[in-house]
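In the order they appear, the protein sequences are chains A and B.
Per our numbering: the first sequence = residues 129 to 213.
Per our numbering: the second sequence = residues 129 to 387.
First up is the structure itself, then whatever we jot down about it.
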Amino acid sequence: MRILFTLIVFLALIVTPYWIYFPLILIGIVLFPFYLEAILLGLIVDLVYGGGANSNALFGFPFGIVVAILIFFTAPLREYLRFNA
Amino acid sequence: MKRTFRRKFNTGSTQNKRFVYVFLVLIFGVILISLLRTPVLSIFAPLWRGQNSIALGFRNFSQMIRSKDALVRENLDLHEKLSSYEILKKTTSSLQNTEEELLSVFGRNFSTGSIAATVLVHPPETPYDILIIDAGSSDSVKQGSKVFLPEGGIIGFISEVEENQSKVSLYSGSGIETNAYLERGDVSIRLIGAGGGSFKVSLPRDVAVEIGDRMLLPSIRNELVGVVVEVVLEPTDSTKRVLVRGLINVSNVRFVIVR
């Protein structure tokens with residue numbers, strides 16, 4: 129399920145507008161525990177659509193960094209969530 | 129008797145472990161993806177080309193099923209527009225010829241090579257104001273080259289070149305600062321990209337600016353970069369905020385010229 133979702137998001141970030149794949153990544157972070165794949169997806173977004181020569185080192189990957197921070201801070205909060213009734 | 133216990137939440141060490149994992153994935157991801165930059169773009173390019181042709185196919189199909197009346201009306205409108213553009217073109221081309229003759233007299237020749245390119249990806253697929261075009265170093269595209277619309281007017285510059293693709297950073301990209309000047313009064317300004325093909329600029333309240341005024345890049349060609357669409361001036365402000373719209377809707381651009 130997790131791999132399938134990651135593949136869907138990966139395809140979405142190639143062919144769909146950002147307002148589709150951004151929420152999908154966020155849904156993945158909430159849905160799956162410690163969804164580190166999202167960091168790689170975020171980095172791919174930055175690599176492919178990022179600012180190019182203007183960007184440098186780690187700060188050239190703003191979306192990847194934001195996703196990493198989100199995963200770190202949502203991981204403890206996920207323990208309060210229940211997905212079954 | 130059923131008893132409920134308080135769940136054990138993370139201890140500090142779990143948090144530390146999480147931080148280390150996230151940090152490591154981020155660092156290794158950055159290194160890995162930076163190394164795979166060229167292959168990743170080469171893999172994506174055919175998909176973008178395919179996507180463009182599918183979108184074109186859908187557009188043609190939707191045109192086919194539109195009503196006859198709508199098509200006749202559109203045809204008439206387009207004929208009208210075309211005739212007015214023909215007249216405009218004749219006027220501007222004669223002016224352009226005169227300008228070029230004058231400039232060549234003063235030793236400024238502009239017969240440099242231009243490269244036409246198709247836009248593979250544009251916003252909203254790209255979250256930032258970036259275009260990816262299908263011309264690269266193999267087509268003599270160079271980093272820093274300027275990017276124009278086929279109809280005229282400048283929109284950005286080449287920020288990254290691969291063998292068969294290049295990335296165009298639009299001047300309207302969020303936070304990108306561009307030196308320009310306001311045609312009315314020749315006032316030097318610094319355009320600040322606001323994303324989505326628009327710019328913002330602050331001007332002293334005494335500077336005359338009106339809706340429809342043109343913003344030009346300071347070069348011998350005076351390339352048009354945008355048009356003023358809104359001027360906000362509060363009675364208590366010492367500056368006026370000016371919103372400038374780029375030449376096109378960045379979501380619709382299909383072809384560009386690299387010079």
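Each residue gets a CB set at the ideal place from its N, CA and C atoms; glycine is no exception.
Every value quoted in this text rests on a predicted model; they were computed, and no experiment measured them.
Self-check item: Min CB distance B/P120 to chain A below 9 Å
Solution: As shown, chain B starts at 129 and ends at 387. That puts residue 120 of chain B outside it, with no answer to give.
Practice problem: Drop a sphere of 10 angstroms on the beta-carbon of A/M129, count the other beta-carbons inside from all chains shown, and report buried for 16 or more, exposed for fewer. | Solution: With fewer than 16 Cβ atoms within 10 Å of its Cβ, A/M129 is classed as exposed.
Quiz item: A/F138 versus chain B: which residues are under 7 Å apart at the beta carbon?
Solution: Within chain B, no residue comes near A/F138; the closest Cβ sits about 11 Å away, beyond 7 Å.
Quiz item: Secondary structure at B/T306, three-state DSSP: helix, strand or coil?
Solution: Correct three-state label for B/T306: strand.
Quiz prompt | Same chain, Cβ closer than 7 Å to A/A166, neighbours up to 5 away in sequence not counted | solution = Once the five neighbours on either side are set aside, the close Cβ partners of A/A166 are I153, G156, I157, V195, I199.
Quiz item: Whole beta strand (DSSP E) runs in the stretch 280-331 of chain B with 3 or more residues, listed along the chain?
Solution: Fully enclosed beta strand (DSSP E) runs of 3 or longer: 282-289, 294-298, 305-310, 315-323.
Quiz item: How about A/I167: is its C-beta nearer than 9 Å to some C-beta of chain B?
Solution: With 9 Å as the cut-off, A/I167 counts as an interface residue toward chain B.
Quiz item: B/K368 bridges to which residues according to DSSP?
Solution: Looking at the DSSP assignment, B/K368 forms a beta bridge with B/L331.
Quiz item: Beta-carbon separation of B/G280 and B/S300 under 9 Å?
Solution: No, these two residues do not count as a Cβ contact at 9 Å.
Quiz item: From the beta carbon of A/L132, is the nearest beta carbon of chain B less than 9 Å away?
Solution: Output row for A/L132: interface = no.
Quiz item: In terms of DSSP beta bridges, what is B/E253 paired with?
Solution: Looking at the DSSP assignment, B/E253 forms no beta bridge with any residue, so it has no partner.
Practice problem: Determine, using beta-carbon pairs with one atom in the stretch 365-384 of chain B and one in the stretch 244-261 of chain B, whether at least three such pairs fall under 8 Å. | Solution: Yes: the two stretches touch, three or more of their Cβ pairs being nearer than 8 Å.
Quiz item: Considering only the beta carbon of each residue, do B/T254 and A/Y146 sit closer than 9 Å?
Solution: In this structure, A/Y146 lies closer than 9 Å to B/T254 by Cβ.
Quiz prompt | Three-state secondary structure assigned by DSSP to A/V158 | solution = The answer is helix: DSSP assigns A/V158 an H, G or I state.
Self-check item: Below-9 Å beta-carbon distance, A/G156 vs any chain B residue
Solution: Chain B contact via Cβ: absent.
Quiz item: Does B/V153 get closer than 9 Å to chain A when you measure Cβ to Cβ?
Solution: Chain A, which has a Cβ nearer than 9 Å to the Cβ of B/V153, makes this yes.
Exercise. Look up B/K270 in the DSSP assignment and say whether it is helix, strand or coil.
Key: Taken through DSSP and simplified to helix, strand or coil, B/K270 comes out as coil.
Practice problem: Use the C-beta contact count for B/Q293: other C-beta atoms within 10 angstroms, 16 or more gives buried, fewer gives exposed. | Solution: So B/Q293 ends up on the buried side.
Quiz item: Apart from the five residues on each side of it in sequence, which residues of its chain come closer than 7 Å, Cβ to Cβ, to A/L139?
Solution: Cβ contact annotation for A/L139 (same chain, cutoff 7 Å, sequence separation greater than five): none.
Quiz item: Shorter than 9 Å from the beta carbon of B/L169 to some beta carbon of chain A?
Solution: Taking Cβ atoms only, chain A reaches closer than 9 Å to B/L169, which makes this a yes.
Practice problem: Closer than 8 Å by beta-carbon distance: list the chain A residues that pair up with B/F172, in chain order. | Solution: The contacting residues are I142, V176.
Quiz item: Where do the ends of the beta strand (DSSP E) carrying B/L352 lie?
Solution: Note, B/L352: beta strand (DSSP E), 352-360.
Quiz item: How is the beta strand (DSSP E) around B/R342 delimited, first residue to last?
Solution: Where B/R342 is concerned, the enclosing beta strand (DSSP E) stretches over 342-344.
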